[in-house]
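There are 4 protein chains.
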Amino acid sequence: MEKILIKQYKKPKITNSMLIGGLPGIGNVGKIAAEYMVDILKMQKMMDIYSQYFPPQVFVNEDGVAYLVRNSIYYKKLPGKYDLIVLVGDFQGTTQEGQYELSYSTIDILSKYGLKMIYTLGGYSTGKIVDNPRVLGAVTDRSLIKNLMDHGVVFPKGEPGGGIIGSAGIILGLGKEMFSIDGACLMGETSGFFADPKSAMNILKVLSSIIGIKIDLSEIEMRSQQMEQITGKAVEEMQQRPQNKEDLGYFG
Amino acid sequence: MEKILIKQYKKPKITNSMLIGGLPGIGNVGKIAAEYMVDILKMQKMMDIYSQYFPPQVFVNEDGVAYLVRNSIYYKKLPGKYDLIVLVGDFQGTTQEGQYELSYSTIDILSKYGLKMIYTLGGYSTGKIVDNPRVLGAVTDRSLIKNLMDHGVVFPKGEPGGGIIGSAGIILGLGKEMFSIDGACLMGETSGFFADPKSAMNILKVLSSIIGIKIDLSEIEMRSQQMEQITGKAVEEMQQRPQNKEDLGYFG
Amino acid sequence: MEKILIKQYKKPKITNSMLIGGLPGIGNVGKIAAEYMVDILKMQKMMDIYSQYFPPQVFVNEDGVAYLVRNSIYYKKLPGKYDLIVLVGDFQGTTQEGQYELSYSTIDILSKYGLKMIYTLGGYSTGKIVDNPRVLGAVTDRSLIKNLMDHGVVFPKGEPGGGIIGSAGIILGLGKEMFSIDGACLMGETSGFFADPKSAMNILKVLSSIIGIKIDLSEIEMRSQQMEQITGKAVEEMQQRPQNKEDLGYFG
Amino acid sequence: MEKILIKQYKKPKITNSMLIGGLPGIGNVGKIAAEYMVDILKMQKMMDIYSQYFPPQVFVNEDGVAYLVRNSIYYKKLPGKYDLIVLVGDFQGTTQEGQYELSYSTIDILSKYGLKMIYTLGGYSTGKIVDNPRVLGAVTDRSLIKNLMDHGVVFPKGEPGGGIIGSAGIILGLGKEMFSIDGACLMGETSGFFADPKSAMNILKVLSSIIGIKIDLSEIEMRSQQMEQITGKAVEEMQQRPQNKEDLGYFG
Chain L
1 MEKILIKQYK KPKITNSMLI GGLPGIGNVG KIAAEYMVDI LKMQKMMDIY
51 SQYFPPQVFV NEDGVAYLVR NSIYYKKLPG KYDLIVLVGD FQGTTQEGQY
101 ELSYSTIDIL SKYGLKMIYT LGGYSTGKIV DNPRVLGAVT DRSLIKNLMD
151 HGVVFPKGEP GGGIIGSAGI ILGLGKEMFS IDGACLMGET SGFFADPKSA
201 MNILKVLSSI IGIKIDLSEI EMRSQQMEQI TGKAVEEMQQ RPQNKEDLGY
251 FG
Chain Y
253 MEKILIKQYK KPKITNSMLI GGLPGIGNVG KIAAEYMVDI LKMQKMMDIY
303 SQYFPPQVFV NEDGVAYLVR NSIYYKKLPG KYDLIVLVGD FQGTTQEGQY
353 ELSYSTIDIL SKYGLKMIYT LGGYSTGKIV DNPRVLGAVT DRSLIKNLMD
403 HGVVFPKGEP GGGIIGSAGI ILGLGKEMFS IDGACLMGET SGFFADPKSA
453 MNILKVLSSI IGIKIDLSEI EMRSQQMEQI TGKAVEEMQQ RPQNKEDLGY
503 FG
Chain R
505 MEKILIKQYK KPKITNSMLI GGLPGIGNVG KIAAEYMVDI LKMQKMMDIY
555 SQYFPPQVFV NEDGVAYLVR NSIYYKKLPG KYDLIVLVGD FQGTTQEGQY
605 ELSYSTIDIL SKYGLKMIYT LGGYSTGKIV DNPRVLGAVT DRSLIKNLMD
655 HGVVFPKGEP GGGIIGSAGI ILGLGKEMFS IDGACLMGET SGFFADPKSA
705 MNILKVLSSI IGIKIDLSEI EMRSQQMEQI TGKAVEEMQQ RPQNKEDLGY
755 FG
Chain G
757 MEKILIKQYK KPKITNSMLI GGLPGIGNVG KIAAEYMVDI LKMQKMMDIY
807 SQYFPPQVFV NEDGVAYLVR NSIYYKKLPG KYDLIVLVGD FQGTTQEGQY
857 ELSYSTIDIL SKYGLKMIYT LGGYSTGKIV DNPRVLGAVT DRSLIKNLMD
907 HGVVFPKGEP GGGIIGSAGI ILGLGKEMFS IDGACLMGET SGFFADPKSA
957 MNILKVLSSI IGIKIDLSEI EMRSQQMEQI TGKAVEEMQQ RPQNKEDLGY
1007 FG
């Protein structure tokens, strides 16, 4: 079998587009944000991507229906300059080769749709609970920084120190070097302990401002508040337990 | 060498068939059940599958004869609508790529034999000894659920939570997405501590009812009882030992 | 680059041959035995095998000269029925795929030299020091057993329990299944704690008897005695130390 | 995508050249030395090498600009017999296959530029802080030893015991066996605890003497002294802390 198998359902006429990529990762920030966009903007599925670079696994939904793990690409035609394409999925490629091949294939097939700009969304692990999580940025072309800062993205010196590992980084890097498409990574600060809709919401605020698309955030705000109640309680309980080093280290 | 090497011994005229897959896994439930079918139904070997995706290993039988590890496919022509094809073997593919490639190749070659339905058999780990192990189901087409439930398969909400990993899942997933063949996974509850013929027997009861083939279960019932005596003693001994946390956690 | 690169130095006219394979492994028994044959029989190098399936490494000899790690094949024309071919080397393939590919390639290229029989040599780990290590056997054709037993090879029921993993097994398995060449594995009992020339010597005694080639064992006997002095002292020291569980378990 | 992607910026007319390779490794000695040459000699970039054998990662510079990880090759035409080519980079290949493929590709493409000699630079871990770190050597042709010794390289018997693992070894080994290009590895002694500019400086002293190129070492000497102040303090602090076994073992 081919290492990457694409089932394409729609071939929309798109000549100018931007890609938003949000796959599972730290705090699932990117995945939550990107899937929220797909839902709230009622985007249409363009293709499913199956691959040996994903685990040999089916997920089973609540009713007992199993489906092969995958990445999916959705699109929405927009009145503005760029149409919108969103990459979501169950997994990132699980190997180094898989990361490169999947990211390359995704950009390659989308390059037929006039891809002009890439935003990847991800989490930035702080290792502790932060009250007002920031959105950090990194870009593949220096000229993009000013505009992002105007919309609230921060570029603290020397962060992220170790660079960006995984699809949020490699999609940008391959996009720039192999396809000459500029890109930016938006990283929402997150403790990294829980799935973090609040950090995802922050990213969506900034992103919708940057790309000029209105995104109704009321539902993710609700989920964010529910999550905070749960995690708030968990943190409280941890703090009331007799402290040991590891707990302290973990929750800072 | 080719990554997967198939030695085909028989090319039976089969135009409508169903595949039963049972490879090693949790409690070896699927393997025990599928191998029992091959034996008790006196099925004929159709092909051996050798592969780099298996360990570089020979097994040595009691007399000192070594044979290369493999998967094997057996068949039996039946009076009913579907002829029977069973996949058994020494190993699942040991890598992610291997799981995909082996499963794909198996379905691909069997698709020439009018493959219409796939049942994969496996264990569902409970982490404790269960008196009356159930048979859980998952399907790749919602329409199959009703019939399975009528034959005693249960579909508890949210189980299996993490989906199905390995050949029991990926054969179904690839069958559905790449070959449009529906399938179901039958998972026998098992502690996961021992090879579990009782759980395999339960699956065979349900399966024979579903596919309408009589399977004489007297021999596996005997093995199941022998196994219960052994494991029953082991559990008793564990319980009589001064308890420590790990023992408790393990045997619940 | 190709995954396996062969530099062939000699193309002898050989139409009937047997292969002896001895690569690093448990107690380095197979490697020591095979390399001793190459030295003592003054065999000629036929080819070097380089591969990505070996570590990315050079060894450096005492003078500071570095050489790329490899497997090598030597040959010697003999007056009897079969000419002799010996496989030795620095490493076995380090991955599953590598084990299959290297073994397959080796047999494949040697099949041009009328390969009729394969003996692989290895260690059989006892986990304790044995005074009179036996030579265990496994064969890919039942008819070979009688002859091997006549030369002192033993076939204890159910040993080796887990089969034979690595090149000593896979060369036999692929030879049989893919090239229809029969083979036997000779396993010298060894503690597995040290490089074990004594076990290698035992194998050579048996092997020279089986294949009817006289091998002068005086030098390996000397090395074996030296090694026993060293390891004997080590064991003594271990036994005189205040005992703890692990020491007991390890040296039995 | 191709597993190794080369973007070549310049195609200088070079017919006789020597390659200096310094990639990340023990104490980053080779990388520091090679990058220093590129900077101080104002070498020109000839090509970037991207690959699936590197991590799926972008690095982000201080300003927030992300760039895909890579290896790079620089050159400088020289008045002497050989022009100079230097290999530097962010990573070595992370897999065994990657090490072989990247090294082979690098030599292969450079062989068009009359490559006649290879020097690889690396660290040699002593496991303790050494006051006057030596430069050890290993060569792929015995005839090179005398000249290197004349320039201060030492060849202590039996060192390095385990050979040379990674790009510093495999580039030499493949250069010799596959391209018949002689080579030497220069290994600077280093504790291995810190990035070690002092060891890199020592290598550069020796190397500049061997290849007859003047390299201004004043800047790396300064960095070396700064580093010694930092690490000196760290060692002092360690020694003043109540000692435990692990500290002792680590700092000797």
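Protein chains in written order, with the numbering used here: chain L, 1 to 252; chain Y, 253 to 504; chain R, 505 to 756; chain G, 757 to 1008.
Every residue gets a Cβ at the ideal spot worked out from N, C-alpha and C, and that includes glycine.
These numbers come from a predicted model, not from an experiment.
Extent of the continuous alpha helix (DSSP H) run through residue i
i, result
"Lys457 of chain Y", "Pro449 to Ile463"
"Glu353 of chain Y", "Gln348 to Leu362"
Three-state class that DSSP yields for residue i in the structure shown
i, result
"Val405 of chain Y", "coil"
"Lys620 of chain R", "strand"
"Val131 of chain L", "The question names Val, but residue 131 of chain L in the sequence shown is Asp. It is coil, neither helix nor strand."
"Gly425 of chain Y", "helix"
"Thr882 of chain G", "coil"
"Pro12 of chain L", "coil"
"Asp468 of chain Y", "coil"
"Thr735 of chain R", "helix"
"Asp182 of chain L", "strand"
"Met439 of chain Y", "strand"
"Lys3 of chain L", "coil"
"Gln240 of chain L", "helix"
Residue i CB to nearest heavy atom of the ligand ATP below 7 Å
i, result
"Ile976 of chain G", "Judged by which ligands are present, the structure shown has none, so any question about the ligand ATP falls away."
Distance between beta carbons of residue j and residue i, contact taken as under 8 Å
i, j, result
"Ser923 of chain G", "Val785 of chain G", "That belief does not hold up - the Cβ atoms of Ser923 of chain G and Val785 of chain G are roughly 13 Å apart, past 8 Å."
"Ile370 of chain Y", "Leu424 of chain Y", "6 Å"
"Val130 of chain L", "Glu189 of chain L", "5 Å"
"Tyr75 of chain L", "Pro12 of chain L", "6 Å"
"Val814 of chain G", "Gly163 of chain L", "5 Å"
"Leu523 of chain R", "Leu619 of chain R", "6 Å"
"Tyr53 of chain L", "Lys3 of chain L", "7 Å"
"Tyr261 of chain Y", "Lys297 of chain Y", "6 Å"
"Gly777 of chain G", "Ala790 of chain G", "7 Å"
"Tyr113 of chain L", "Ile220 of chain L", "Rounded, the Cβ-Cβ distance is 27 Å, inconsistent with contact."
"Leu330 of chain Y", "Ile462 of chain Y", "Incorrect: roughly 14 Å between the Cβ atoms, too far for contact."
Runs of beta strand (DSSP E) lying entirely within the region 771-847 of chain G, each at least 3 residues, in chain order: 773-777, 800-807, 813-816, 822-824, 827-832 and 839-845
Under 8 Å: do the region 695-709 of chain R and the region 328-337 of chain Y share three or more Cβ pairs, one atom per stretch? no
Take every Cβ of the region 855-874 of chain G, pair it with every Cβ of the region 803-815 of chain G, and state whether three or more of those distances are shorter than 8 Å. yes
Do the region 847-864 of chain G and the region 203-215 of chain L touch if we need at least three Cβ pairs shorter than 8 Å? no
contact_flag[the region 139-146 of chain L, the region 173-190 of chain L] where n(CB pairs < 8 Å) is 3 or more: yes
Can at least three beta-carbon pairs, one atom from the region 907-919 of chain G and one from the region 978-990 of chain G, be found at a separation below 8 Å? no
Cβ contact (3+ pairs, closer than 8 Å) linking the region 268-278 of chain Y and the region 366-382 of chain Y: yes
The region 561-574 of chain R contacting the region 731-738 of chain R, beta-carbon criterion three pairs below 8 Å: no
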